[in-house]
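Read in order, the letters of the sequence shown correspond to residues -24 to -1, 1 to 259 in mature numbering (1 follows the signal peptide of the UniProt record, and there is no 0). For every residue, glycine included, the Cβ atom is placed at its ideal position computed from N, Cα and C. One structure is given here, and the rest of the page talks about it.
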Amino acid sequence: MKKILSLCLSLMLLLILAACSSTIENSPSDSAFNTTVTENVDPSKTDEEFELSEPEKETDAADDLTASNTPTDDEINDDKLQENGSVTLPETEQPVNTEEIPVPENEETPKKILIAYFSRAGENYNVGVIEKGNTEIIAEIIAEQTGGDLFHIETVDPYPLEYDACTEAAQQELRDQARPALTASVNNFDDYDVIYLGYPIWWSDMPMAVYTFMESYDFSDKTIVPFDTNEGSGLASTVNSIRNTCVGADVLDGFAIRGSLAQNRQAAAEEVINWLQSAGLAE
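Here it is as structure tokens:
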């Protein structure tokens, strides 16, 4: 009996030892674990390249968070567009327009006007002795209404103050077709566009001094407006004479007024103004 019990105990001890030995063989050793880790690590890398300290990791995370939360310029502009419905563009320098501004076609340059006249004071027919010639009075009224420049046609040798003596001298000049010398000339004649030409009627014609004046200048492309003083002759044939002398000029029909009316300046002014307005020469 004792032998059987001893045999059983020995058998159980052997089984326990066998079980312990099997457990030890199946457990990995430290060297095996270390070998596995070492094989997965690149020997050329240092610890600093693989790991970051905890503070550094937190700092990088904060930087990433700040960068992601800072709006870009485009995002700011988009926000302004959504809030205001418009975006203010950057100001740019506007180019300066150096081109010359054209003058409108319907805006005409004012015409330059000259009022040239021959007139004689002293004793005159039907008005007696006068200090200012009849034609000179009409010329001054025209200048007031048009803004033109006055030019008095005067001869070097004056005509007699007595009426009869003057008419005899005028008749002789007409027979001779004389061209008496003048005391002055218009230096800037080419600058004028319109010439009002005034004179008294002597022997149904203009004084010869007026012919001297007309033949001294080029009237091409200019407008001539005749006017005279008379005692019943009107303009006689003087308009045609002007057209024949001033070739190339546009000669209008002209205006005639009695010398006796010219001495009444107010009445004469009314006549002149009515004529200028009806002819479209003044407003």
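What separation, rounded to the nearest whole angstrom, lies between the Cα atoms of residue i and residue j?
i	j	result
residue 101	residue 110	11 Å
residue 174	residue 232	10 Å
residue 164	residue 147	32 Å
residue 209	residue 182	12 Å
residue 158	residue 249	30 Å
residue 205	residue 93	11 Å
residue 129	residue 184	11 Å
residue 260	residue 245	Nothing in the structure corresponds to residue 260, since the chain is present only between -24 and 259.
residue 214	residue 259	27 Å
residue 123	residue 155	30 Å
residue 85	residue 236	38 Å
residue 6	residue -11	A caution first: residue 6 carries a pLDDT of 46, below 50, which makes its placement in the model unreliable, though a value can still be read off. Cα to Cα, residue 6 sits roughly 29 Å from residue -11.
residue 153	residue 133	16 Å
residue 251	residue 172	13 Å
residue 269	residue 207	The structure shown does not extend to residue 269, since the chain is modelled only from -24 to 259, so the question has no answer here.
residue 121	residue 192	27 Å
residue 219	residue 188	15 Å
Check whether chain D comes within 7 Å of residue i, counting only Cβ atoms and requiring the distance to be less than that.
i	result
residue 85	Here chain D cannot be found, since the structure has a single protein chain.
Residue i: which of the options sits nearest, CA to CA?
i	options	result
residue 166	179, 209, 198 and 210	198
residue 89	142, 117, 144 and 170	170
residue 234	141, 187 and 177	177
residue 160	-11, 186, 85 and 201	186
residue 313	180, 236 and 149	Residue 313 is absent from the structure shown; the chain starts at -24 and stops at 259.
residue 108	238, 229, 196 and 258	238
residue 190	252, 180 and 217	217
residue 256	228, 236 and 154	228
residue 162	153, 194, 154 and 97	194
Per DSSP, what are the beta-bridge partners of residue i in this structure?
i	result
residue 206	234
residue 131	158
residue 201	172
residue 103	DSSP, once it has assigned bridges, lists no residue as partnering residue 103.
residue 178	181
residue 226	199
residue 324	Absent from the structure is residue 324, since the part of the chain shown begins at -24 and ends at 259.
residue 126	91
Which residue marks the beginning of the alpha helix (DSSP H) containing residue i, and which one marks its end?
i	result
residue 220	214 to 221
residue 150	139 to 152
residue 117	110 to 122
residue 249	241 to 254
residue 185	184 to 190
Between residue i and the rest of its own chain, which residues show a CB-CB distance below 7 Å, the 5 nearest in sequence each way excluded?
i	result
residue 99	105, 137, 138 and 139
residue 87	169 and 170
residue 179	146, 147 and 150
residue 114	174, 203, 205, 233, 238, 244 and 248
residue 241	113
residue 230	201, 202, 203, 211 and 215
residue -16	none
Could you check whether the Cβ of residue i sits closer than 6 Å to any heavy atom belonging to the ligand ZN?
i	result
residue 216	Absence of the ligand ZN is noted for the structure shown, with no ligands found whatsoever.
For residue i, which residues in the same chain have their Cβ closer than 6 Å to its Cβ, ignoring the five residues on either side in sequence?
i	result
residue 119	91 and 126
residue 142	135 and 136
residue 112	95
residue 196	224
residue 221	190
residue 226	199
Ignore the nearest five residues each way along the sequence and tell me which others in residue i's own chain have a CB closer than 8 Å to its CB.
i	result
residue 145	135 and 136
residue 10	The predicted position of residue 10 is uncertain, since its pLDDT is 43 and thus under 50; no value can be drawn from it.
residue 103	110, 235, 236 and 239
residue 253	259
In terms of residues, what are the limits of the beta strand (DSSP E) holding residue i?
i	result
residue 258	Where residue 258 is concerned, there is no enclosing beta strand (DSSP E), given that its DSSP letter is neither H nor E.
residue 92	89 to 93
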